[in-house]
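Here's the structure we're looking at; comments come further down.
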Amino acid sequence: MSIEFYCPHCEAYLRAPESKARLSIACPHCGGRCWVPLKSEQETFFDEVEEWSDEEDFDEADYEADYEPTPGPADVPVLAPKKKQLQTSCKVCDSVLSPSEKVCKVCSHRVGAPIFDEPADVDVGRILSTSWRLYTRHFGTCLIVTVTDAVLTIVACVLAIFIGGTAALAVGNRPGLVVFMFLIASGLGWGIAMSMFAIGHMRFYLDLCRTDRADFHKSMDFQGPIGHIFSGGVVYWSLFLFLLPPIFLWPFGRVVVDQNVSGARGLWTALRLSVKHFSVCFVLVFVKIGAILISSLFPIGGAILMTPYFAILNTVAYLHFIGELE
1 MSIEFYCPHC EAYLRAPESK ARLSIACPHC GGRCWVPLKS EQETFFDEVE
51 EWSDEEDFDE ADYEADYEPT PGPADVPVLA PKKKQLQTSC KVCDSVLSPS
101 EKVCKVCSHR VGAPIFDEPA DVDVGRILST SWRLYTRHFG TCLIVTVTDA
151 VLTIVACVLA IFIGGTAALA VGNRPGLVVF MFLIASGLGW GIAMSMFAIG
201 HMRFYLDLCR TDRADFHKSM DFQGPIGHIF SGGVVYWSLF LFLLPPIFLW
251 PFGRVVVDQN VSGARGLWTA LRLSVKHFSV CFVLVFVKIG AILISSLFPI
301 GGAILMTPYF AILNTVAYLH FIGELE
């Protein structure tokens, strides 16, 4: 017994063995995939056709005389789907991309990365007011996160020194090599730990500024682009000799964690955003200097109080720069 049906793509008449019911086959005419209906579904279809013919009161003899049946194909076997090299297009510039390409050669947009509608102008007053509102509303949770970060940083420093000392003792009595191994081992341990903590720090404040909810568990989520943060962070902190990060590169960590890009890409995006909104960054620098001067009146307590404010201020400014906040 055969099942008769039509291809949903090209409407060609098809037949398939009843054993192929509810299976997918390839249409021999257009190559499209179509499902073979059940025998009951086929009978329902032809019953509807018969009812329609009765309602129109056709003369069956005349109908058969005028109708020239189209010979249907033989039973259609189930063909294995062909693997096609599908091409995609860049979401930014619509350039054609092959499946192996991860970055657009025309506009350098990374495949799968979010697309932001960056505004031309940003309201500094809105950034300051939003930052202060979030800071005062979630001060308690932000303070807990800051203290936790400080404790973890101290523990990481002690462990990094211990690792460096262990590596130095392993090389014997060669003073130059001892110092070298200590610096390398402790530096790597310290850098990796700080990169992990930075991911949790950025993730917490990004979520806070987006949702207006303080979720402490976000600050403990250290999974992310640790290598990108570490590699870009080496360049970032090295450029502090030229005072570039506080003015031009401060969005770096947020860009890497939020957009999951490489360290070099994160530095370039941070520089581009800062230069584009240079006047806003310039005002924020003076705001931070004023906050530092005020916090210096209370050396330890002031630093603890200002750390979450700076984090919120930078995050709100970054979200304004990419057009997510207005």
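Per full-length UniProt numbering, the sequence shown starts with residue 1, numbered consecutively.
Just so it is clear, CB atoms sit at the ideal spot from N, CA and C, and this is done for glycine as well.
| request: Please report how far the alpha carbon of S98 lies from the alpha carbon of C10, in whole angstroms. | output: Between the alpha carbons of S98 and C10 lies a distance of about 28 Å.
| query | Roughly how many whole angstroms lie between the Cα atoms of N173 and W190? | reply | When only Cα atoms are considered, N173 and W190 end up about 25 Å apart.
| field | Spatial distance of I163 from S186 (CA atoms) | value | Taking the CA atoms as reference points, I163 sits about 6 Å from S186.
| DSSP-derived helix/strand/coil call for P308 | Looking at P308 - three-state DSSP - the assignment turns out to be helix.
| said: Need the endpoints of the alpha helix (DSSP H) that C7 sits in, please. | reply: That residue, C7, is in no alpha helix (DSSP H); it is neither H nor E in DSSP.
| field | Candidates I294, V287 and F5, of which the one nearest P37 by Cα | value | Nearest option by C-alpha distance: F5.
| field | Beta-carbon gap between A311 and C142 smaller than 9 Å | value | The answer is yes: Cβ separation under 9 Å.
| request: State the start and end residues of the unbroken alpha helix (DSSP H) segment that holds R203. | output: Start and end: P175 to T211.
| Which value, in whole angstroms, describes the spacing of the CA atoms of E101 and C34? | Roughly 31 Å separates the two Cα atoms.
| task | My understanding is that L271 touches L249, with C-beta atoms under 8 Å, so please give their C-beta distance in whole angstroms. | result | L249 and L271 do touch by the CB rule: their CB atoms are close to 6 Å apart, below 8 Å.
| query | Going by beta carbon distance, what residues of the same chain come within less than 7 Å of S262, once the five residues before and after it are set aside? | reply | If we look at S262 and ignore the five residues flanking it on each side, its Cβ neighbours are H228.
| How would you call L319, buried or exposed, if buried means at least 16 neighbouring beta carbons within 10 angstroms? | L319 is buried by the Cβ-count criterion.
| Does the region 213-231 come close enough to the region 286-300 that 3 or more CB-CB pairs lie under 8 Å? | At 8 Å Cβ cutoff, the stretches do not touch.
| field | Residue from S295, I322 and V316 whose Cα sits closest to the Cα of T307 | value | When each option's Cα is compared against that of T307, the closest is S295.
| What number of angstroms, rounded off, separates the C-alpha of E60 from the C-alpha of L14? | Only weak support exists for where E60 lies, its pLDDT of 49 falling under 50; the coordinates are left without a value.
| query | Among residues of its own chain, excluding the 5 on either side of S274, which ones have a beta-carbon nearer than 6 Å to its beta-carbon? | reply | Only F248 and C281 meet the Cβ criterion.
| field | Boundaries of the beta strand (DSSP E) in which C157 is found, first to last residue | value | It is not in any beta strand (DSSP E) - C157 instead sits in the alpha helix (DSSP H) that spans F139 to L169.
| For T88: DSSP bridge partner residues | For T88, which the question treats as bridged, DSSP gives the partners L97.
| Shortest alpha-carbon distance to T166 belongs to which of H138, F180 and S195? | Closest option to T166, Cα to Cα, is F180.
| From this set, A21, M196 and K20, which residue's C-alpha is nearest L152's C-alpha? | Here the closest residue by C-alpha is M196.
| task | Please name the residue or residues paired with P251 in a DSSP beta bridge. | result | Partner residues in a beta bridge of P251, as assigned by DSSP, do not exist.
| request: Give the single residue among W237, L325, L23 and S95 whose Cα lies nearest to the Cα of T211. | output: Among W237, L325, L23 and S95, the Cα nearest to that of T211 is on L325.
| message | Given this structure, state the Cα-to-Cα distance separating I154 from D207, to the nearest angstrom. | response | Roughly 25 Å separates the two Cα atoms.
| query | Hey, would you say L313 sits closer than 9 Å to I127, going by beta carbons? | reply | Yes. Within cutoff.
| query | DSSP puts A303 in a beta bridge; with which residues? | reply | Looking at the DSSP output, A303 shares a beta bridge with no other residue.
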